[in-house]
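Take the sequence shown: its letters are residues -21 to -1, 1 to 123, numbered as in mature numbering (1 follows the signal peptide of the UniProt record, and there is no 0).
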Amino acid sequence: MKVLLTTLLSLVLILGSTSQSKTVSITVQVDGLKNKNGYVAIGLFDGYGDFPEGDGFASKYVEADGSSVEVTFDKLEPGEYAIAVLHDENGNEEMDYNEYGMPEEGFAFSNNAMGQDGPPSFGDASFEVSSDKVVSIDMVYLSY
């Protein structure tokens, strides 16, 4: 009897651990691109560690072919995320700065968060995802 109970309990645990967990998608709508030059880099972050300068949890690069772009990140675990966007107008894969240290290219963050003297914190830009979500973000350009 004890062996049967142990076997049944083990079977339940194995079957429970192999069941598929629910995944979600995040669709990012970036509006306000000032031109069609270069690319738009969109980084998805799932923690405080490297936000927003690091590579992120996932990233996508799309051509800046209009005043807005849209990308979808699929098969994500529900949780807390933040997004950083760069309009890489010259395609050099990095933010360019002027002689005063001000960004020369467009940037944006989820929640349209802005930092005091630099980028916002992960906490200010983060949002919870428990089901499929659309996130709208407006580009910011400090120089024209």
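Just so it is clear, CB atoms sit at the ideal spot from N, CA and C, and this is done for glycine as well.
Short Cβ contact (7 Å threshold) for residue i with residue j
i   : j    : result
G33 : A63  : no
G17 : E72  : no
E56 : S105 : no
A20 : Y40  : yes
Exposure of residue i, with buried meaning 16 or more beta-carbon neighbours within 10 Å
i    : result
D75  : exposed
L12  : buried
L65  : buried
S109 : exposed
E84  : buried
D44  : exposed
D111 : exposed
T2   : exposed
G70  : exposed
Residue i - partner residues in DSSP beta bridges
i     : result
G58   : V108
L86   : This sequence places Phe at residue 86; Leu is not what is there. Answer is L65 and V119.
F30   : DSSP lists no partner for F30.
Q8    : E49 and S115
S(-1) : Looking at the DSSP assignment, S(-1) forms no beta bridge with any residue, so it has no partner.
F24   : A61
A37   : L23
E42   : Y18
Y76   : P82
Own chain partners of residue i with C-beta closer than 6 Å, once the 5 adjacent residues on each side are dropped
i   : result
Y27 : F101
A37 : L23 and F52
P31 : A63 and P98
Contacting residues, own chain, Cβ-Cβ under 7 Å from residue i (five flanking each side not counted)
i     : result
L121  : M81 and P82
S(-3) : Its pLDDT being 47, under 50, S(-3) is placed unreliably in this model, and the value from its coordinates should be taken loosely. Closer than 7 Å at Cβ, skipping near neighbours: no residue.
D103  : N90 and A92
E42   : Y18
E107  : E59
Proximal residues to residue i (C-beta, below 8 Å), its chain only, five neighbours per side dropped
i   : result
G94 : S100 and D103
- Query: Is the region 7 to 23 touching the region 108 to 118 in the sense that three or more CB pairs, one from each, lie closer than 8 Å?
  - Reply: yes
- Message: Tell me whether the region 92 to 105 and the region 37 to 56 touch, counting them as touching only if at least three CB pairs, one residue from each stretch, are closer than 8 Å.
- Response: no
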